[in-house]
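Note that this note's numbering gives residue 470 to position 390 of the sequence shown, counting from 1, and the numbers run on in steps of one. Using N, Cα and C, we set each Cβ at its ideal position, and we do this for glycine too. Note that this is a predicted model, so its numbers are computed, not measured.
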Amino acid sequence: MEIRKGIGVSPGIAIAKGVVIDSKDYRIPRRSILDSQRDKEIQRARNAFAAAIRSLTEISSRKTIEEGKIKDIFAVHMRFLQDKTFRKRITDFIDKERVTAEYAVSAILREIASHFEGIDDPYISERAADIYDIEKRLLTHLLGKMREEMEHLREEVVVVAHDLTPTQTASFNKTFVKGFATEAGGRTSHTAIISKTMGIPAVVALGDMTSAVTAESLVIIDGNRGVVIIDPDEETLRQYRNYAQQISLFVHQLDELKDKPAQTKDDVRVQLLGNIEFPEESQAVADKGGEGIGLYRTEFLYLYGGAEPTEEDHYQAYAQAVKVFSRQPVVIRTMDLGADKLPQTIRQAPETNPVLGLRSIRYCLQNMGLFKTQLRAILRASVLGDVRVMFPLVTNLQELRQAKMILRDVMEDLDEYAVPYNAKMPVGIMIETPSSALTANHLAAECDFFSIGTNDLIQYTLAVDRGNEHVSLLFSAAEPAIVRILRSVIHDANKAGIGLSVCGEVASDPEYIMLLLGMGVRTLSLASPMIPEIKKIIRSVTIEQCNALARRVATLDSQRQIKNLLRDAISQILPETV
Ligand code: PEP
Ligand code: MG
Numbered sequence: 081m082e083i084r085k086g087i088g089v090s091p092g093i094a095i096a097k098g099v100v101i102d103s104k105d106y107r108i109p110r111r112s113i114l115d116s117q118r119d120k121e122i123q124r125a126r127n128a129f130a131a132a133i134r135s136l137t138e139i140s141s142r143k144t145i146e147e148g149k150i151k152d153i154f155a156v157h158m159r160f161l162q163d164k165t166f167r168k169r170i171t172d173f174i175d176k177e178r179v180t181a182e183y184a185v186s187a188i189l190r191e192i193a194s195h196f197e198g199i200d201d202p203y204i205s206e207r208a209a210d211i212y213d214i215e216k217r218l219l220t221h222l223l224g225k226m227r228e229e230m231e232h233l234r235e236e237v238v239v240v241a242h243d244l245t246p247t248q249t250a251s252f253n254k255t256f257v258k259g260f261a262t263e264a265g266g267r268t269s270h271t272a273i274i275s276k277t278m279g280i281p282a283v284v285a286l287g288d289m290t291s292a293v294t295a296e297s298l299v300i301i302d303g304n305r306g307v308v309i310i311d312p313d314e315e316t317l318r319q320y321r322n323y324a325q326q327i328s329l330f331v332h333q334l335d336e337l338k339d340k341p342a343q344t345k346d347d348v349r350v351q352l353l354g355n356i357e358f359p360e361e362s363q364a365v366a367d368k369g370g371e372g373i374g375l376y377r378t379e380f381l382y383l384y385g386g387a388e389p390t391e392e393d394h395y396q397a398y399a400q401a402v403k404v405f406s407r408q409p410v411v412i413r414t415m416d417l418g419a420d421k422l423p424q425t426i427r428q429a430p431e432t433n434p435v436l437g438l439r440s441i442r443y444c445l446q447n448m449g450l451f452k453t454q455l456r457a458i459l460r461a462s463v464l465g466d467v468r469v470m471f472p473l474v475t476n477l478q479e480l481r482q483a484k485m486i487l488r489d490v491m492e493d494l495d496e497y498a499v500p501y502n503a504k505m506p507v508g509i510m511i512e513t514p515s516s517a518l519t520a521n522h523l524a525a526e527c528d529f530f531s532i533g534t535n536d537l538i539q540y541t542l543a544v545d546r547g548n549e550h551v552s553l554l555f556s557a558a559e560p561a562i563v564r565i566l567r568s569v570i571h572d573a574n575k576a577g578i579g580l581s582v583c584g585e586v587a588s589d590p591e592y593i594m595l596l597l598g599m600g601v602r603t604l605s606l607a608s609p610m611i612p613e614i615k616k617i618i619r620s621v622t623i624e625q626c627n628a629l630a631r632r633v634a635t636l637d638s639q640r641q642i643k644n645l646l647r648d649a650i651s652q653i654l655p656e657t658v
């Protein structure tokens, strides 16, 4: 039995067989197999060779590469792939060392490449690049097969990986994928967010662990405590099965709150909205008692489909979300691509520092065609219900004005064709940079609402990458700087009389709800599975208690003190939520 500690990012317990997914560009970890799996792995390696030869033959025969240097390079690759001694070396390695085909291919080819690199002859040392290329070719077939297998799962598994892209996470079949455990990532990385929306327990930032999971390993994922247990002993397994039962009972009890209002004991009403990535998730928000959509992350339309979505793709998606909430707010955030959410198809030249680069509203303002297409669709959908548009990552007034000007242009275009839209559609922005937080009073004068994106606001204020496991412990909303910046934005929004919500992960963290209420927040937007628990907290406290807590927090000067105080406060009122 092995116990690993990481960060729990989506609550719940999952117990199932572990499946390790390797990413294409990642070092393949050594993974042992059972004696009974040797033949299968050897056959997988042979199949990968056959498939690589087939695809190389096909590529080399294309007209464009009939002549020249590329053809010579491919000939070298082909000779290598057909070399019987080389192939035998790999299958012998699987046989003797009892490792996966991926590991054998990677280990042997990297050994050959580093041997070439060490030879003091430029012609030979340059051949190392060919060897790495051959490794990639073979791995593409081996890992591709794995991806296919993931699509056709027939039994329950937990997915273990170095990291998962948001698209990968979102594409897993929830019927069979019961949990995620990743070596990388942080509390608010997008993989974490998606697992929470899907209601799948997940633990991230586990450090080196994929090599510890074999093909037969049973894995427990404890998303509440941030723990992963590989091959648990009988007693641990029994305890966890009990614990999982208690949790499902608790969740079941919470569902009874569905039709009760999110209202404090002293009758202050709070609005609970849902965060969604895909339109079909609106129904889950409604089922959990959500009162609308506070954040529709539309970039997933770009990430998922492969090609750039058309105006009709946008419109259909928005119409589907609005259909569930035809009388309640649906806040559509314009695409927030960039950083860790950028599809290959529209990737620019790689940026050195993408988190500070051409992302989000900046990308839209430089790619007017794409931006206008989305705005047209949002405007068309605006007549279907209470649709609101929101611009992400706005850093200054100039950007807000530019975005609004483009929105007006699009309205004029629609006027020309007599296409109906709501000319009074509310326009809001996300506050997720220190720059916008510090100038919130100016921004509030020119928009209808703010939504505070604490995930990015914390990242940019504390200079802590939200997806980097090495600094994940530094990422905390309990830092005095964050409390102060939140207080200031809430004050500016309330003073200007505009709408205000919090839609970052803090809004679904039981420990922060009393503080947010005490600082004056009355609308929260969060992943649907968390809505009942947050409602339960709201219904168990008084605003008096929350105000007093917020006042005490304001006097503290360290993250640890604040965190302890918040935890104590909620655990005294509702011990089962912490
Ligand atoms: C945020 O930054 O807090 C937010 C809600 O947006 P996203 O997580 O999509 O960046
Ligand atoms: Mg953000």
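Cβ-heavy atom distance, residue i to the ligand MG, below 6 Å
i	result
N355	no
D536	yes
G533	yes
Which residues DSSP lists as bridging residue i, in chain order
i	result
V633	V633 is not bridged to any residue.
S66	Outside the shown range of the chain (81 to 658) lies residue 66, about which nothing can therefore be said.
G579	F529
L352	L604
R377	R413
V238	G98, G259
I310	E82, V299
Q343	R349
Reduced DSSP category for residue i - H, G, I as helix; E, B as strand; rest coil
i	result
M510	strand
P409	strand
T603	strand
K368	coil
T268	coil
E231	helix
V469	strand
D302	strand
S608	helix
N627	helix
A659	The requested residue 659 is not part of the displayed model; the chain covers only 81 to 658.
A250	helix
E361	helix
I705	With the chain covering only 81 through 658, there is no way to say anything about residue 705.
I653	helix
V463	helix
S556	coil
V293	coil
I145	Note that I145 has pLDDT 49, beneath the 50 cutoff, so the model's placement of it is unreliable and no number is given.
S112	strand
S515	helix
M505	coil
L337	coil
E431	coil
D489	helix
A520	helix
G584	coil
P202	helix
Residue i Cβ short of 6 Å to the ligand PEP heavy atom set
i	result
G584	yes
R439	no
R377	yes
Near the ligand COA: residue i beta-carbon under 6 Å from a heavy atom
i	result
E512	Because the ligand COA does not appear in the structure shown, any question about it cannot be addressed here, the ligands present being the ligand PEP and the ligand MG.
Counting pairs of beta carbons, one from the stretch 82-90 and one from the stretch 280-287, are three or more of them closer than 8 Å? yes
Whether or not the stretch 239-255 and the stretch 205-222 are in contact is what I'm after, with contact meaning three or more pairs of Cβ atoms, one per stretch, closer than 8 Å; do they touch? no
Is the stretch 346-362 in contact with the stretch 616-627, if contact means three or more CB pairs nearer than 8 Å? yes
At least three beta-carbon pairs within less than 8 Å, the stretch 556-576 to the stretch 491-509: Under the three-pair Cβ rule at 8 Å, the stretch 556-576 does not count as touching the stretch 491-509.
Say whether the stretch 119-134 touches the stretch 335-346, bearing in mind that this needs 3 or more beta-carbon pairs closer than 8 Å, one atom from each stretch. no
Decide if the stretch 172-186 is in contact with the stretch 109-117; the criterion is three or more beta carbon pairs, one per stretch, under 8 Å apart. yes
Below 8 Å, can you find three or more Cβ-Cβ pairs linking the stretch 431-438 to the stretch 474-491? no
Is the stretch 315-323 touching the stretch 645-656 in the sense that three or more CB pairs, one from each, lie closer than 8 Å? no
Counting only runs of 4+ residues fully inside the stretch 124-186, write out the alpha helix (DSSP H) ranges in chain order. Runs found: 148-162, 164-177.
Quick check: the stretch 515-527 against the stretch 488-502, are at least 3 beta-carbon pairs closer than 8 Å? no
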